[in-house]
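Q: Counting from 43, one number per residue, gives the positions in the sequence shown under the working numbering.
The structure's right below; bear with me while I get my questions together.
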Amino acid sequence: MSVLKSKLAPHLRLRVPYESGKYGSRWSNKDLDPIPPAERTWGGIDYWAYWCSDMLAPPLAATVSSVMSLGFTARETIPIVFFGFAICSVVITLTGKMGATYHVPFPVVIRSMFGMYGSFPAICIRAFVALMWTAILTVQAGNFLQRCLEAIWPSFITFPNHLPENAGVTSAELLCIFLYWFCQTGLALMPISKLRILFWVKGVIVPPTFFALFLWGVIVTKGGGELVTGKAQITSTYMNTAYSALTGLNVIIGLFSSLAVNMPDFGRFSKNNLAGGHQFLALPIIGTLGALCPIFVTSAHSHIWGEFQWYMPAVIAKFDSRAAKFFVSASFMLATIGNQVAAGTYPFSNDITGMAPKYINIFRATLFISIFCIASTPWNIIKNAAGLLAFLSGYSCLMGPLAGTMVCDYYIIKKRKLNIDELYTSHGIYWYNGGWNWRAYVSFVIGFAPLLPGFAKSIEPTLNVGGAWKIYSFAWIFGFHLSMLSHYVICTYISPPTASIIEEAVYPPKAGDVSPAIIEGEDGETKTAFVANEKEASDIV
């Protein structure tokens, strides 16, 4: 027996203890279980602070530049930005209420739609973009730190470079990337409840910085400059204003297409089930106002230095005032940290935890993504606006159908009624066929398949795919609605998932409920029954 224990000891040491969660099953740990009532503390103002943290960051500038690279001026870009964020906000609100109602994250909610094992590919699809954005932003934030150091010590500008040209990074840049990486990793490893403070700090410091840069751009250009007052000259592949506008809309939606499905990660902290229509308004208002800053700053850069420059570290490097260079860089570095945590490390860590709760929790997953930020050499990943456009559009090909399937299944098929206990149970009502819900995957593929030719052409423009590129220009909207319709038809008329459709929902405990009672199921796994009083708990046991 002692020999057997010694062989198992390394394996057991790698496991996340079951005792840390409410459910004694392979699908549970404390990071995935429903948020206790005492920790449901986020109100409306907290979510507005969260959106400030997520929106006002370098990805917004890069996305706006991708839209304007199609040939639009600010007069066409601003409406595209507003309506793109408004469309995305509808889906974000719908998925966020899933988490706010049952107080569980995306990797748990998705089990009810795709099955216990079927949730794994969906989680990987969602997690990939968080992984890439977090790595890319590490480079940009390192560049902001470099500007800060140059403002303090101007001699740092001439820091000797000992790396070859094909390295894709200089010695000074690499040093700053590593310095920033240590700060980023330390903050990312903090519990999300404590990171609310970071969101609040960013909400106080960063918006005034964006506004000050906007005013600077207006004053320097005396009202706007070429990007604002000029005429649109369509330069996209489509050479058509309507399809170019749809492409721009798709790019804007693509920026938050990942949050359109994993908003339950943050919605589960809500203390009022995300009540209030103001939640819908946060994304389009903050996003549209924030987009004015990079537009006017880039226009001002062209007015002063004769070329368009969207990369903010490059713009800041040309500031004459050392104080302005330092404070703007420090503010943008804070903005990047907030964005990385809100849209990168925390969602990724939540998602990956759902795949192997026995061995992975949020802390361990965060360590992995932090190491990836360096190991992937992200300075070699960063591309120009056209490359970013292809990446975001391609990603929305997957996220639109995924979001459409989720919304249809939860709101139309299951009518918002889930059994919280079964989401942590093998061979339960969400087991479907061998742990997979084929209906959800058929719906997803139907929404995604027509977009493949256009996606291929976006990567290789010389490909002849006929008229398929026209559908691809609004990939997210097309995929979302087609998957939603397909899922409705399959689940209503072809093969209704009767076992997973219940009459009464089973919710997690509310404030005042007793601790959950642990009972053993027929399959040998333990389950949790939430009860309202001590007598009911003793009756169950």
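Cβ coordinates follow ideal geometry from the N, Cα and C atoms, glycine included.
List the DSSP bridge partners of residue 373.
A: Beta-bridge pairing links residue 373 to no other residue.
Q: Check whether the region 94-108 touches the region 161-173, counting contact only when three or more Cβ pairs, one atom from each stretch, lie closer than 8 Å.
A: They do not touch, by the three-pair rule.
Q: Please state whether DSSP places residue 506 in a helix, a strand or coil.
A: Coil, per DSSP.
Q: Since residue 496 and residue 511 are thought to touch, with beta carbons under 8 Å apart, how far apart are those beta carbons, to the nearest angstrom?
A: With 8 Å as the limit, residue 496 and residue 511 qualify as a contact, their Cβ atoms being about 5 Å apart.
Q: Given a threshold of 16 other Cβ atoms within 10 Å of its Cβ, counted over all protein chains shown, does residue 393 qualify as buried or as exposed?
A: Classification for residue 393: buried.
Q: In chain order, what residues of the same chain have a beta carbon less than 6 Å from the beta carbon of residue 386, not counting five sequence neighbours either side?
A: Answer for residue 386: 172, 175, 176, listed in chain order.
Q: Quick check on the DSSP output: what are the complete alpha helix (DSSP H) runs of length 4 or more inside the region 169-257, in order along the chain?
A: If we require 4 residues or more, the alpha helix (DSSP H) runs fully inside the region 169-257 come out as 213-230.
Q: Using only CA atoms, which one of 118, 543, 317 lies nearest to residue 290?
A: It is 118.
Q: Assuming the contact rule is C-beta atoms closer than 8 Å, residue 462 and residue 388 should be a hit. Round their C-beta distance to whole Å, please.
A: The pair is not a contact, with the Cβ atoms about 22 Å apart (cut-off 8 Å).
Q: Under the DSSP definition of a beta bridge, which residues are partnered with residue 312?
A: Residue 312 pairs with 84.
Q: Output the boundary residues of the alpha helix (DSSP H) element that contains residue 155.
A: That run of the alpha helix (DSSP H) goes 153-156.
Q: Considering only the alpha carbon of each residue, which of 537, 182, 330 lies closest to residue 374?
A: Nearest C-alpha to residue 374: 182.
Q: Have a look at 223, 200, 224, 140 and flag the residue whose alpha-carbon is nearest the alpha-carbon of residue 213.
A: Nearest option by C-alpha distance: 200.
Q: Kindly indicate which three-state DSSP category residue 71 falls into: helix, strand or coil?
A: Residue state, collapsed to three classes: coil.
Q: Tell whether a beta-carbon distance below 9 Å holds between residue 95 and residue 324.
A: For residue 95 and residue 324, no; Cβs fall outside 9 Å.
Q: Give the C-beta separation of residue 527 and residue 439 to the nearest angstrom, bearing in mind that I take them to be a contact with Cβ-Cβ under 8 Å.
A: About 17 Å; that fails the 8 Å criterion.
Q: Note down the Cα distance separating residue 192 from residue 336, rounded to an integer number of angstroms.
A: Distance between the alpha carbons of residue 192 and residue 336 is about 22 Å.
Q: Three or more C-beta pairs under 8 Å: does that hold for the region 215-229 against the region 407-416?
A: Result yes; three or more Cβ-Cβ pairs closer than 8 Å.
Q: What is the residue span of the alpha helix (DSSP H) that residue 489 lies within?
A: It spans 480-490 - the alpha helix (DSSP H) in which residue 489 sits, taken as one unbroken run.
Q: Using CA coordinates, which residue listed in 124, 136, 513, 482 is at the minimum distance from residue 163?
A: With distances taken between Cα atoms, residue 163 lies closest to 482.
Q: Between residue 306 and residue 204, what straight-line distance do the alpha-carbon atoms span, to the nearest angstrom?
A: Those two C-alpha atoms are separated by around 46 Å.
Q: Would you mind stating whether residue 351 and residue 179 have Cβ atoms separated by less than 9 Å?
A: No, the Cβ-Cβ distance between residue 351 and residue 179 is not below 9 Å.
Q: Look at the Cβ atom of residue 525, then the Cβ atom of residue 470, and state whether they are nearer than 9 Å.
A: No, they are not a contact pair.
Q: Is it a yes or a no for the region 314-333 touching the region 135-149, going by three-plus beta-carbon pairs under 8 Å?
A: A contact exists between the region 314-333 and the region 135-149.
Q: Since residue 448 and residue 303 should fall inside the 8 Å C-beta cutoff, what is the C-beta to C-beta distance between them, to a whole number of angstroms?
A: Contact flag correct, Cβ pair sits at about 6 Å.
Q: Taking C-alpha atoms, which residue in 546, 110, 195, 129 lies nearest to residue 365?
A: The shortest Cα separation from residue 365 among 546, 110, 195, 129 belongs to 195.
Q: Between residue 155 and residue 452, how many whole angstroms is the CB-CB distance? I'm expecting something under 8 Å.
A: Indeed, because the Cβ distance is near 7 Å, the residues count as touching under 8 Å.
Q: Quick one, are the C-beta atoms of residue 334 and residue 152 less than 9 Å apart?
A: Contact flag unset, no.
Q: What whole-angstrom Cβ distance do residue 343 and residue 357 have, given they're in contact under 8 Å?
A: With a Cβ gap of about 5 Å, residue 343 and residue 357 count as contacting.
Q: For a test of the three-state rule: what should DSSP assign to residue 461, helix, strand or coil?
A: The answer is strand: DSSP assigns residue 461 an E or B state.
Q: Just to confirm before moving on: does the CB-CB distance between residue 314 and residue 85 stay below 9 Å?
A: In contact: residue 314 and residue 85 (Cβ atoms closer than 9 Å).
Q: Once the 5 residues before and after residue 450 are set aside, which same chain residues still bring their CB inside 6 Å of it?
A: Once the five neighbours on either side are set aside, the close Cβ partners of residue 450 are 526, 529, 530.
Q: Compare the Cα-Cα distances from residue 546 to each of 131, 458, 468 and report the closest residue.
A: Closest by alpha carbon: 458.
Q: Which term fits residue 297, buried or exposed, when burial requires 16 or more other beta carbons within 10 angstroms of its beta carbon?
A: Burial call: buried.
Q: What does a CB cutoff of less than 7 Å around residue 487 pick up in its chain, not counting 5 residues either side in sequence?
A: If we look at residue 487 and ignore the five residues flanking it on each side, it has no Cβ neighbours.
Q: Please report the straight-line C-alpha distance between residue 576 and residue 79, rounded to a whole angstrom.
A: At residue 576 the pLDDT is 38, less than 50, meaning the model places this residue with poor confidence; the figure from the coordinates comes in the next sentence. The straight-line gap from Cα to Cα measures roughly 18 Å.
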